[in-house]
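Chemist: The structure under discussion is supplied below as structure tokens; questions concerning it will follow.
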Amino acid sequence: MRMESVNPAAVPQRRLSNGMVIPGIGMGTFGNDRYTPEEVADAVYGAIKAGYRLLDCAAAYGNERDIGRVLSRTFEEGIVRRQELTVMTKLWNDMHGQGDVLVACAKSLRDLGLDYVDVYMVHWPFPNYHAPGARLKGRNPDAVPFSAEEYLSVWRQMEHLVDMGIVRSLGMSNMTITKLEQVLPLCRIKPVVLEVEINPTFQQPKLFEYCIRHDILPVAFSPMGSPCRPERDTEEGDVVTFEMEELQEIARAHHCHPAEICVKWAVQRGHVPIPFSVYPEEYTGNLRCTTEDFLTDAEMEMLQKADRNARLIKGKVFLWEGAESWRDIWDGEDESNKL
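Mapping of the sequence shown onto full-length UniProt numbering: position 189 corresponds to residue 189, and the numbering continues sequentially without gaps.
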């Protein structure tokens, strides 16, 4: 049976501050807690065939080599040309040392089978390494709080990758306004994107508006509320995004799953969601819903007012000795997140 596809030209596009144009929705690749690298890579292959042209990768996900084989296959089969893809990947926390950034980027390029990446991000704003699948009791005893000096040492190395031509653009991830204000004025090459958690139950309006004012495009991980997130990030009483009454009401009006409303909301709001699924009907549906049956202004306003300010990806595994709670990672900004 021939798989459904979406014309990539019909997908909304976003222009970055450096002139690059990228799709308004991407395919995530974080699934190593539930799926094998081969399963994730197969989903990437299917997503490209379905019309996705933006991929969000990371060295920490442990699947770049498998994704690289899939990319080579799509090029060889003529499904897509390299210049038609936007490939983003990230520097992991254990490669923040002097000289490590180039080594890490070179490995990602080798694994992905590419000559350059379109966007290279600092995955987390500190060198607090944990092994894949780590639980809270396996936290690194050497974990430290954010240091602007340490971060800028990493960023200088990131800028050098752009100078070398192996990275087209730079991005940041998991940053707060507090941290951005410390480092942005000192960046020679500014970030074009900031990847953070955003979904209808955690909209981060202050950070969103800050990014827009500074010509940084917000990219949203967990755009559907990450119902399958690692256990280490769950707490009793966590919000379940798909159970949000407003979301369900709008989904009924559009005769679709609440997941598609999350995607529609994100794209119409102006940030880039990167949902992940291994199921063709789901990732194709996520892409198609950005091209048709748009939310009304009233529905967008209803969702804006429904923000629960409920962070789900808390990052507790990165806590350092002396930190009072996971909120310290986010500089206590969640408490005053409403505009």
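Think of the CB as a built atom: it goes at the ideal place given N, C-alpha and C, for glycine as much as any other residue. Here the structure is a predicted model, which means the values were calculated and not measured.
Going along the chain, which residues of its own chain have a beta-carbon closer than 8 Å to the beta-carbon of residue 334, five neighbours each way excluded?
Modeler: For the purposes of this step, residue 334 is taken as residue 334 along the sequence shown, with counting starting at 1. Excluding positions up to five away in sequence, the list reads 309, 311 and 327.
Chemist: Alpha carbons only, please: which of 250, 62 and 200 is nearest the one belonging to residue 240?
Modeler: Translated into the one-based positions of the sequence shown, residue 240 becomes position 240. When each option's Cα is compared against that of residue 240, the closest is 200.
Chemist: Under 6 Å Cβ to Cβ from residue 59, same chain only, skipping five residues before and after it: list those, please.
Modeler: Sequence index remark: in the sequence shown, residue 59 carries index 59 (1-based). 92 and 108, listed in sequence order.
Chemist: Could you spell out where the alpha helix (DSSP H) holding residue 22 opens and where it closes?
Modeler: What you label residue 22 is simply residue 22 of the sequence shown in a count that begins at 1. No alpha helix (DSSP H) contains residue 22, which is instead part of the beta strand (DSSP E) from 21-23.
Chemist: Cα separation between residue 313 and residue 273?
Modeler: Taking the sequence shown and counting its residues from 1, the one referred to as residue 313 is at position 313. Taking the sequence shown and counting its residues from 1, the one referred to as residue 273 is at position 273. Distance between the alpha carbons of residue 313 and residue 273 is about 15 Å.
Chemist: Can you grab the Cα-Cα spacing for the pair residue 216 / residue 14, in whole Å?
Modeler: Taking the first residue of the sequence shown as 1, we reach residue 216 at position 216. Taking the first residue of the sequence shown as 1, we reach residue 14 at position 14. Using only the alpha carbons, I get a separation of about 11 Å.
Chemist: Can you tell me whether residue 117 is helix, strand or coil according to DSSP?
Modeler: In the sequence shown, residue 117 corresponds to position 117, counting from 1. Residue 117 falls in the strand class under three-state DSSP.
Chemist: With 16 other CB atoms within 10 Å as the buried threshold, where does residue 255 fall?
Modeler: For the purposes of this step, residue 255 is taken as the residue at position 255 of the sequence shown. Classification of residue 255: exposed, given that the 10 Å Cβ count is below 16.
Chemist: Between the C-alpha atoms of residue 142 and residue 323, what's the straight-line distance to the nearest angstrom?
Modeler: Translated into the one-based positions of the sequence shown, residue 142 becomes position 142. Translated into the one-based positions of the sequence shown, residue 323 becomes position 323. Spanning the two alpha carbons is a distance of roughly 13 Å.
Chemist: Can you grab the Cα-Cα spacing for the pair residue 71 / residue 40, in whole Å?
Modeler: As a first step, residue 71 must be located in the sequence shown, where it is residue number 71. As a first step, residue 40 must be located in the sequence shown, where it is residue number 40. Taking the straight line from one Cα to the other gives about 12 Å.
Chemist: Which class does residue 280 belong to by DSSP, given the choice of helix, strand or coil?
Modeler: Residue mapping note: residue 280 aligns to position 280 of the sequence shown, counting from 1. Reduced to three states, the DSSP call for residue 280 is helix.
Chemist: Using the Cβ count rule (16 or more neighbours within 10 Å means buried), how would you classify residue 77?
Modeler: Position 77 of the sequence shown, counted from the start, is the residue given in the question as residue 77. Exposed, because fewer than 16 other Cβ atoms sit within 10 Å of the Cβ of residue 77.
Chemist: Short of 8 Å in beta carbon distance, which residues of its chain neighbour residue 321, apart from the five on each side in sequence? Order them along the chain.
Modeler: As a first step, residue 321 is located in the sequence shown; it is residue number 321 there, counting from the start. These residues qualify, in order along the chain: 141 and 143.
Chemist: Less than 7 Å separating the beta-carbons of residue 223 and residue 179?
Modeler: What you label residue 223 is simply residue 223 of the sequence shown in a count that begins at 1. What you label residue 179 is simply residue 179 of the sequence shown in a count that begins at 1. The answer is no: Cβ separation not under 7 Å.
Chemist: Short of 6 Å in beta carbon distance, which residues of its chain neighbour residue 289, apart from the five on each side in sequence? Order them along the chain.
Modeler: What you label residue 289 is simply residue 289 of the sequence shown in a count that begins at 1. Excluding residues within five positions, the ones whose Cβ falls inside 6 Å are 260, 263 and 264.
Chemist: Does the stretch 205-212 come close enough to the stretch 291-300 that 3 or more CB-CB pairs lie under 8 Å?
Modeler: No, because fewer than three Cβ pairs between the stretch 291-300 and the stretch 205-212 fall closer than 8 Å, the two stretches do not touch.
Chemist: So, is residue 285 buried or exposed, given that buried needs 16 or more other C-beta atoms within 10 angstroms?
Modeler: As a working mapping, residue 285 is identified with position 285 in the sequence shown. Classification for residue 285: buried.
Chemist: Using only the alpha-carbon positions, how far apart do residue 181 and residue 21 sit?
Modeler: As a first step, residue 181 must be located in the sequence shown, where it is residue number 181. As a first step, residue 21 must be located in the sequence shown, where it is residue number 21. So the alpha carbons of these two residues sit roughly 26 Å apart.
Chemist: With DSSP as the reference, label residue 158 as helix, strand or coil.
Modeler: Numbered from its first residue, the sequence shown carries residue 158 at position 158. In the structure shown, residue 158 sits in a helix (DSSP, three-state: H, G or I).
Chemist: Output yes or no for whether 7 Å exceeds the beta carbon distance between residue 195 and residue 219.
Modeler: The residue you call residue 195 lines up with position 195 of the sequence shown. The residue you call residue 219 lines up with position 219 of the sequence shown. Contact flag set, yes.
Chemist: Residues bridged to residue 13 by DSSP?
Modeler: Taking the sequence shown and counting its residues from 1, one reaches residue 13 at position 13. In the DSSP output, where bridge partners are listed per residue, residue 13 has 23.
Chemist: Spatial neighbours of residue 81 within its chain, please: CB distance less than 8 Å, with the 5 preceding and 5 following residues excluded, ordered by chain position.
Modeler: In the sequence shown, the residue the question calls residue 81 occupies position 81. Excluding sequence neighbours, residue 81 sits near 75.
Chemist: By Cβ distance, which residues of its chain are closer than 6 Å to residue 5, with the 5 residues on each side in sequence left out?
Modeler: Your numbering for residue 5 matches position 5 in the sequence shown. Answer for residue 5: 50 and 51, listed in chain order.
Chemist: Taking residue 45 and residue 73 to be in contact with their CB atoms under 8 Å, please state how far apart those CB atoms are, rounded to whole angstroms.
Modeler: Reading the sequence shown from its first residue, position 45 is the one you call residue 45. Reading the sequence shown from its first residue, position 73 is the one you call residue 73. Indeed they touch by this definition, with Cβ atoms about 7 Å apart.
Chemist: Tell me the DSSP bridge mates of residue 221?
Modeler: As a first step, residue 221 must be located in the sequence shown, where it is residue number 221. 197.
Chemist: Please report the distance separating the alpha-carbon of residue 244 from that of residue 303.
Modeler: Residue mapping note: residue 244 aligns to position 244 of the sequence shown, counting from 1. Residue mapping note: residue 303 aligns to position 303 of the sequence shown, counting from 1. So the alpha carbons of these two residues sit roughly 10 Å apart.
Chemist: How about residue 62 and residue 32: do their beta carbons lie closer than 7 Å?
Modeler: For the purposes of this step, residue 62 is taken as the residue at position 62 of the sequence shown. For the purposes of this step, residue 32 is taken as the residue at position 32 of the sequence shown. In this structure, residue 32 lies closer than 7 Å to residue 62 by Cβ.
Chemist: Taking the straight line between their C-alpha atoms, what separation do you get for residue 53 and residue 190?
Modeler: To locate residue 53, count along the sequence shown from 1; it is residue 53. To locate residue 190, count along the sequence shown from 1; it is residue 190. Each residue's Cα considered, the two are about 24 Å apart.
Chemist: According to DSSP, simplified to helix, strand and coil, what is residue 56?
Modeler: Taking the sequence shown and counting its residues from 1, the one referred to as residue 56 is at position 56. The answer is strand: DSSP assigns residue 56 an E or B state.
Chemist: Within a Cβ cutoff of 7 Å, which residues of the same chain sit near residue 167, ignoring the five residues on either side of it in sequence?
Modeler: Here residue 167 corresponds to residue number 167 of the sequence shown, with the count starting at 1. If we look at residue 167 and ignore the five residues flanking it on each side, its Cβ neighbours are 105, 116, 117, 120 and 161.
Chemist: Can you name, in chain order, every residue of its own chain whose Cβ lies under 6 Å from the Cβ of residue 43, other than the five neighbours on each side?
Modeler: Residue numbering aside, residue 43 sits at position 43 when the sequence shown is read from its first letter. So the qualifying residues of the chain are 278.
Chemist: Using a Cβ-Cβ cut-off of 6 Å (strictly less than) and excluding sequence neighbours within five positions of residue 95, which residues of its own chain qualify?
Modeler: On the sequence shown, residue 95 is found 95 positions in, with the first residue counted as 1. Closer than 6 Å at Cβ, skipping near neighbours: 104.
Chemist: Out of curiosity, what's the CA-to-CA distance linking residue 56 and residue 253?
Modeler: On the sequence shown, residue 56 is found 56 positions in, with the first residue counted as 1. On the sequence shown, residue 253 is found 253 positions in, with the first residue counted as 1. Between residue 56 and residue 253, the C-alpha separation is close to 31 Å.
Chemist: What's the gap between the Cα of residue 170 and the Cα of residue 164?
Modeler: Working through the sequence shown from its first residue, we reach residue 170 at position 170. Working through the sequence shown from its first residue, we reach residue 164 at position 164. Each residue's Cα considered, the two are about 13 Å apart.
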